[in-house]
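S.K.: Pasting a structure here, questions to come.
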Amino acid sequence: MLIVKDMCKEYPNDQGQVVRAAQHISFEVAQGKLFTLLGPSGCGKTTTLRSIAGLEKPSSGEIIVGGRVLYSSDRKIFIAPNQRDIGMVFQSYAIWPHMNVFENAAFPLRVGKVKYSKKQIEDKVLRALHAVALDGLESREATKLSGGQQQRLALARALVMEPQLLLLDEPLSNLDAKLRERMRFELKRLQRDLGITTIYVTHDQSEALALSNEIAVMKSGHIMQLGSPREIYEHPANEFVADFIGTTNFLKGHITSLSERSGYFNIQTPIGNLTAFSGESLRVGEAVIVSVRPENMHLSIERPDTTNVLQAEIHTKIFLGETLDMQVKAADQIMLARVHPNFSPHVGTHVYVHIDEEKCIALSDTSASSQTLKIS
Ligand SMILES: Nc1ncnc2c1ncn2[C@@H]1O[C@H](COP(=O)(O)OP(=O)(O)O)[C@@H](O)[C@H]1O
Ligand SMILES: [Mg+2]
């Protein structure tokens, strides 16, 4: 449905230098899917989205929507934004304060090239307002809507033209935390019900994990990893992704031998030996970082009868409601474990930490690649 091929975009900055905002961006999104560009501020998410919308002209690459080439540097094609059949909602979703709900949603129909009859406009607007559950509020002044309702109105205005592709740039970031979580699920439901192909931009990894069919994690203008939320969470391609996508524990170590299980490696760390999975082809002696999510650290008082067990002691407890975060200490290393609140040993208690081999992810330690350890 959407194909972005090797797209690059640079800007000149105030000092006359070149900012490489998007570099060799390539991805494809299937019809009806929600695809997320995720990354820290300044990594090039908005630039990528605006290039798809035609609000920026890339320096090279190709953008194809539904088989139609919207941009191609090689073929010298650039379709104007209003000819692209794309709906967009920005972070600052300016609704028109002097218009009521109906007129806000009708706005794109009134200013567009195509002239619609009064009846057509009414039908389309009511359908869009119904989709975002604002029906009945047509004559309300837009400024009298709550934050969440204004957000939905902005969405209705993007949907009213029935675009092939919907682009959402941090659409929830102006809402308070509670509303943001609720809108997250509403958005997902709406997107699925309408079956509209959507590109979603956010710097919030939990939002990305909750909403997306597929995620591109970006850093400094580049895509660092493309994959399903589960793939990205469970098998981060590098340290940046592992760190960015959620809380994780990092253990430095080195490979002592290959495990019998294909894709698994035996690793020596300062707090004990572990067997871990890696998607990379690591070599014996290579320095690695083992990434373990807090929820995969299973604590027990009795030694479990299995492998991949470390010894530690309870260091600090942080109660979070549904879960209990516990810092455990082993050698001089502090690690975070997320446990059920019923399990609550005192600070200082000796515990065993069991981690499934599949949940230990070994990543090549790029910071230490020049000082690979020799195993005798
Ligand atoms: N119009 C512009 N002129 C110059 N630099 C820009 C412009 N727009 C964005 N940039 C720069 O490009 C980089 C990527 O920006 P952006 O795509 O907005 O990132 P994000 O949306 O991920 O926060 C940043 O370094 C930003 O400062
Ligand atoms: Mg942005």
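Here the UniProt record's numbering is used: the first residue of the sequence shown is 1, the next is one more, and so on.
Idealized CB from N, CA, C, for every residue including glycine.
Give the straight-line distance between the Cα atoms of residue 89 and residue 169, rounded to the nearest whole angstrom.
M.R.: Residue numbering aside, residue 89 sits at position 89 when the sequence shown is read from its first letter. Residue numbering aside, residue 169 sits at position 169 when the sequence shown is read from its first letter. If you take the alpha carbons of residue 89 and residue 169, they lie about 6 Å apart.
S.K.: For residue 210 versus residue 225, is the C-beta distance shorter than 7 Å?
M.R.: Position 210 of the sequence shown, counted from the first residue, corresponds to residue 210. Position 225 of the sequence shown, counted from the first residue, corresponds to residue 225. Cβ distance not < 7 Å, so residue 210 and residue 225 don't count as in contact.
S.K.: Please report how far the alpha carbon of residue 138 lies from the alpha carbon of residue 92, in whole angstroms.
M.R.: Along the sequence shown, one-based indexing puts residue 138 at 138. Along the sequence shown, one-based indexing puts residue 92 at 92. Distance between the alpha carbons of residue 138 and residue 92 is about 22 Å.
S.K.: To the nearest whole angstrom, what separates the beta carbons of residue 183 and residue 148, a pair I think is in contact under 8 Å?
M.R.: For the purposes of this step, residue 183 is taken as the residue at position 183 of the sequence shown. For the purposes of this step, residue 148 is taken as the residue at position 148 of the sequence shown. The Cβ separation is near 6 Å, so the contact holds.
S.K.: What's the gap between the Cα of residue 84 and the Cα of residue 62?
M.R.: Position 84 of the sequence shown, counted from the first residue, corresponds to residue 84. Position 62 of the sequence shown, counted from the first residue, corresponds to residue 62. So the two alpha carbons sit approximately 14 Å from each other.
S.K.: Which complete alpha helix (DSSP H) runs does the region 21-99 hold, if anything under 4 residues is left out?
M.R.: DSSP runs (the alpha helix (DSSP H)) wholly in the region 21-99: 45-53.
S.K.: How would you write the range of the beta strand (DSSP E) that residue 301 sits in, first residue to last?
M.R.: What you label residue 301 is simply residue 301 of the sequence shown in a count that begins at 1. Taken as a continuous stretch (DSSP letters only), residue 301 belongs to no beta strand (DSSP E), as it is neither H nor E.
S.K.: Determine the burial state of residue 321: buried for a count of at least 16 other Cβ atoms within 10 Å of its Cβ, exposed for fewer.
M.R.: Locating residue 321 in the sequence shown gives position 321, counting from the first residue. Residue 321 is exposed by the Cβ-count criterion.
S.K.: Counting by C-beta, which residues lie closer than 5 Å to a heavy atom of ligand 1, in chain order?
M.R.: Ordered along the chain, the selected set is 11, 19, 21, 41, 42, 43, 44, 45, 46 and 47.
S.K.: What separation, rounded to the nearest whole angstrom, lies between the Cα atoms of residue 260 and residue 72?
M.R.: Taking the sequence shown and counting its residues from 1, the one referred to as residue 260 is at position 260. Taking the sequence shown and counting its residues from 1, the one referred to as residue 72 is at position 72. Roughly 49 Å separates the two Cα atoms.
S.K.: To the nearest angstrom, report how far apart residue 70 and residue 78 are at their CA atoms.
M.R.: Here residue 70 refers to the residue found at position 70 of the sequence shown. Here residue 78 refers to the residue found at position 78 of the sequence shown. Residue 70 and residue 78: Cα-Cα distance of roughly 6 Å.
S.K.: Report the residue from 59, 258 and 173 whose alpha carbon sits nearest the alpha carbon of residue 200.
M.R.: Walking along the sequence shown from the start, residue 200 turns up at place 200. Minimum Cα distance to residue 200 is reached at 173.
S.K.: Considering only residues of the region 171-249, which uninterrupted beta strand (DSSP E) runs meet the minimum length of 3 residues and lie entirely inside it, listed in chain order?
M.R.: Whole beta strand (DSSP E) segments, 3+ residues: 197-202, 214-219 and 222-227.
S.K.: Does the structure place the region 212-224 close enough to the region 304-314 that three or more beta carbon pairs sit under 8 Å?
M.R.: Result no; under three Cβ-Cβ pairs closer than 8 Å.
S.K.: Can you tell me which of 263, 203, 318 and 121 puts its alpha carbon nearest to the alpha carbon of residue 105?
M.R.: Residue mapping note: residue 105 aligns to position 105 of the sequence shown, counting from 1. That would be 121, whose Cα lies nearest to the Cα of residue 105.
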